[in-house]
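Below is one structure, written out as structure tokens; the observations come after it.
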Amino acid sequence: MALRHFLTLQDLSKEELQQLLKRAIELKTAHRNGTADQPFPGKVLAMIFEKSSTRTRVSFEAGMAQLGGSALFLSPNDTQLGRGEPIEDSARVISGMVDIIMVRTYGHDKLQKFTEYSSVPVINALTDDYHPCQLLADMQTYEEHRGSIQGKRVVWVGDGNNMCQSYMNAADMLDFQLIIACPEGYEPSADLLEKFSSRVSVVRDPASAIVGADLVVTDTWASMGQEEEKQLREQAFAGFQVNEEVMSHAAEDALFMHCLPAYRGLEISDTIMESKWSVVWDEAENRLHAQKALVEFLLNQTAH
Ligand code: CP
Ligand code: NVA
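Heads up: take any position in the sequence shown, counting from 1, add 392, and you land on the working numbering.
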């Protein structure tokens, strides 16, 4: 039995990632045609959420039902984990009863500790450092609309946050150029910048970075857990809004993505999500299919 986890994109090989994206597209087609199988009857996914969620919860829960299994929603308000039961005890107990677990939490180290003690596959459903499930959906969406992302110019506008750092992993694995336009003091980790220096660069001016971009991506300026910094961040990120004017300098067939939830009037203009560049609704829907492909991959790997 090869126990596999998905804490960052880099837990997959490049070939596995490509295959998984292909499979996500297949599963989406099968779902739409009414020809999808239910390969995992009786399999249970535990979903541990220490932060809020709409897309992640709905997509994992619906996805498990579509695969023939079921999902359990566990919030810190109702579990002993929320009352201080140690992570290592919780991981051993929960993984003894279910087949696969997803965790949304704060520190990436907490997720790593949980994973160390889990006897079943663990999926990162967002930490302060990474959001790899979203990248599966984003990369599936790009592929569906424009084909291979290899060699493309991808511009990240805004905070060097968990999403940005997952884009850095993707740039390395799928071989695209990532330009990060962020204010000083809001860069992603220096270690990652050094590690991926051949693919990733940091600039300060979003308008010039976007010139010729194939894909423009942004995210909230204040992530979950940074609520108290919201005002300060709004000042720091003034001038980093993605709007029609800046998008007009991107490549002719550029796409715009945002993992959502979005804050209109802050990181995006009021109407950009409805613009010709935007694929945000497909991107959100693809969470469902990309994660079914991920669950299938992890359960099948673990069964061999
Ligand atoms: N994009 C995303 O992960 O959304 P939720 O926080 O709603 O799950
Ligand atoms: N960067 C955001 C992503 C939300 C899906 C956050 O961590 O809150």
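Beta carbons: idealized from backbone N, C-alpha and C, even for Gly.
If you look at I492, you'll find it in the beta strand (DSSP E) that goes I492 to R496.
If you draw a straight line from the Cα of R449 to the Cα of L528, it is about 16 Å long. For a cut-off of 8 Å, the C-beta gap from K684 to L401 is around 17 Å, too long to register as a contact.
The three-state secondary structure of Q633, taken from DSSP, is coil.
Residue pairing of M456 in beta bridges, as defined by DSSP: absent, with no partner found. Taking 7 Å as the cut-off, the C-beta of M649 does not count as close to any heavy atom of the ligand NVA. Annotation for M439 indicates a beta carbon at 7 Å or more from all heavy atoms of the ligand NVA. In this structure, I492 is the residue among I492, T497, V608 and E620 with its C-alpha nearest to the C-alpha of L690. In the DSSP assignment, A438 forms a beta bridge with L464 and I493. Scanning its chain for C-beta atoms nearer than 8 Å, with the 5 sequence neighbours on each side dropped, one finds around L503 the residues L399, V495, T497, V514, N516 and T519, in chain order. M616 is the residue among P580, V672, M616 and L686 whose C-alpha sits nearest the C-alpha of S444. In the three-state reduction of the DSSP assignment, T610 falls in the strand class. With a cutoff of 7 Å, S445 counts as near the ligand CP, since its C-beta is closer than that to a heavy atom of the ligand. In the three-state reduction of the DSSP assignment, I515 falls in the strand class, which pools E and B. By the 16-neighbour rule on beta-carbons within 10 angstroms, H537 is exposed.
Remark: C-beta atoms of V687 and M649 do not approach each other more closely than 8 Å. The three-state reading of DSSP puts R596 in coil, since its state is none of H, G, I, E or B. Distance from the CA of A463 to the CA of I479, rounded to the nearest whole angstrom, comes to 20 Å. Among the bridge pairs identified by DSSP, A682 is matched with none.
The segment 419-428 and the segment 672-681 touch, with three or more beta-carbon pairs separated by less than 8 Å. Between Q458 and R424, the alpha-carbon positions lie close to 12 Å from each other. At a threshold of 7 Å, D530 does not count as near the ligand NVA, since its beta carbon sits no closer than that to any of the ligand's heavy atoms. With a cut-off of 7 Å, the C-beta of M616 is classified as near the ligand NVA, since at least one heavy atom of the ligand falls inside that distance. Beta-bridge partners assigned by DSSP to S589: none are found. Counting only residues of its own chain and dropping the five nearest sequence neighbours on each side, H523 has a CB closer than 6 Å to the CB of N554, M555 and S558. L518 has its Cβ nearer than 7 Å to a heavy atom of the ligand CP. DSSP places I417 in the uninterrupted alpha helix (DSSP H) bounded by K406 to N425.
For A573, the enclosing beta strand (DSSP E) stretches over residues Q569 to A573. Here D551 is not near A573, since their CB atoms are 8 Å or more apart.
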